[in-house]
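Read the structure below first, then the notes.
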Amino acid sequence: MTTAPDRTRIEFPDISSRTWEHPSDRAALVTLRTLKGFDTVLRTLSGLLRERQHRLMYLATAVRVDERQFKDLDDLRSDCVRILGADETPEMFVMQSPMVNAFTIGMDRPFIVVTTGLLDIMTYEEQRFVVGHELGHALSGHAVYRTVLMHLMRLAGTIGWIPVGGWALRAIIAGLMEWQRKSELSGDRAGLLCGQDVHTAICVQLKLAGGARISEIDVDAFLAQAAEYESSGDLRDGVLKLLNIELMAHPFSVLRAAALKKWVDSGEYAAVLRGDYPRRSTDHEAKASDEFRNAARSYKANFDTSEDPLIKTIRDLGSGFTGAVDAVGNGIGDVASDIKDRFDHWRKS
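Using the working numbering, read the sequence shown as starting at -4 and increasing by one per residue.
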C-alpha cells in the first residue's frame, strides 16, 4: 500500500467546513450558524450539563497527547490542523479500551478521544484518516448537537414512560440520530482530505468491519457488499433495514466506504484538491434555505436511484411522491428562514 509523503499533501487555506459536509448535515449546520446568539445559548447549556466534568474525567483517566506523550499522534494532529487550516488545535486524549473507537465531544472547547483498541489495529496513515475525521467534526461544530444528543438519550430513559412526551422525545432523538449519521459521512470526507489516500480511507472502514486481518479482506468484494445490501431482499428486508439503523449513531462501515467512494467518483474530491472549494471567509453568505434545498435534492437523487426493495415499491406507487420530495425540500427552506426570524425576534425581546 502506498501513501503520499507529507511534502506532497495539498493544504487548503481558508477552506470552509462546508467543503466536506454532507448536504443534509450542512443544511442543519448552516441553520444553526445563522441563528445569532444560538451558540451562546448552547454554551450556557453546556455549562449546566457539566461539560467541564467530561473534560476533567478524561484528564484524570486518560493520557493527553502532546510532544512528550503519543508524539506520533501529536504530529498527525499538527499535520491535519495545517492541511485544513484550523485556527485552533483541539486537545486529544488516548483512553485505555479494547473498543475500536474515536470521538469528539464538548461545545465550548471540543476535544478528541481515541482508544488504545483503535491505535492497536490502525496503521500510522490510517490513524491520520481518523484524526482528520475527528478534526472535521470539531471544525464543523458537530460536538454541539452530539453533546445535546447524549443528554437527550439519558433524558429519554427518565421520561420515556410518559406517553406523549416520550413519543415527542423519540422523534427528536431520531432526527438527531439521522443528522449524526450524516455527520459521520462528513467526517470521513475530512479524513480523506487530510490523508489524501483513498485506499487508506477505505481500509479504515474494512478494519472497523473486519478487524486487523486486512490480508483476508478484498476491497472490491467489500464494496460489492454495499450494492448487495441495498438491492437484495424484499419489502420485509427494506423495513428491517430502517429498524436496524433507526437508533444507530454511525452508518454501517460497508455503507460508509461506499459513500466515500461515491464522493470521490463524483469528482467533488478532485475539485477540492484543485483548489475549487468554498472559503471560510464566505461562510456568512451561506443561506439555510439554499442548503436545505440542496439536501432535498441529495435525498431525492438517492431516492430516484435506490435499488432498495422498499424504496422501489414506494417509487412505483406514483410519480407524485417524488414531486412531493421537491416540495418538502423547498418548504423546509422556507421554514428554516421562519425559524431564524423567530429566534432573532426572541433574542431582541
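Ideal placement from N, C-alpha and C gives every residue a C-beta, glycine not left out.
Every value quoted in this text rests on a predicted model; they were computed, and no experiment measured them.
- In this structure I5 is exposed. Its beta-carbon is surrounded by fewer than 16 other beta-carbon atoms within 10 angstroms.
- Residues of the same chain with a CB within less than 7 Å of the CB of G186, apart from the 5 flanking positions on each side, are F124, V125, G127, H128, G131 and A196 in chain order.
- Within the segment 92 to 123, the alpha helix (DSSP H) runs of at least 4 residues that lie entirely inside it are, in chain order, 111 to 116.
- If you compare the alpha carbons of T110, L201 and R21 with that of D213, the shortest gap goes to L201.
- Here F98 is near V108, since their CB atoms are less than 8 Å apart.
- The bridge partners DSSP lists for F88 are R59 and V108.
- Under DSSP, R72 shares a beta bridge with no residue.
- For I10, the beta-bridge partners assigned by DSSP are R274.
- Sequence-distant Cβ neighbours of Q64 in its own chain, meaning closer than 6 Å and more than five residues away, are V58.
- L79 carries a coil assignment under DSSP once its states are collapsed to helix, strand and coil.
- According to the DSSP assignment, R251 belongs to the alpha helix (DSSP H) that extends over S248 to D260.
- Between D215 and the set Q91, V249 and D192, the nearest pair of CA atoms involves V249.
- Within a 10 Å sphere around the beta-carbon of P8 sit fewer than 16 other beta-carbons, which makes this residue exposed.
- D103 is the residue among D103, S135, S261 and D20 whose C-alpha sits nearest the C-alpha of R47.
- With respect to the 8 Å criterion, T110 and V95 are classified as neighbours on the basis of their beta carbons.
- Scanning its chain for C-beta atoms nearer than 6 Å, with the 5 sequence neighbours on each side dropped, one finds around L180 the residues H17 and A254, in chain order.
- The C-beta of S276 has fewer than 16 other C-beta atoms within 10 Å across all chains shown, which makes the residue exposed.
- For L71, the closest C-alpha among the options E120, Q175 and G205 is that of E120.
- Looking at G101, E211, S73 and L203, the one whose alpha-carbon comes closest to that of L114 is L203.
- For D61, same chain residues with a beta-carbon under 7 Å away, outside a window of 5 residues either side, are D69 in chain order.
- Ranking R208, Y264 and Y53 by CA distance to the CA of D183 puts Y264 first.
- Going by C-alpha positions, P105 is about 19 Å away from W15.
- Taking all protein chains in view, the Cβ of M52 is surrounded by fewer than 16 other Cβ atoms within 10 Å, so the residue is classified as exposed.
- For E16, the secondary structure class from DSSP, reduced to helix, strand or coil, is coil.
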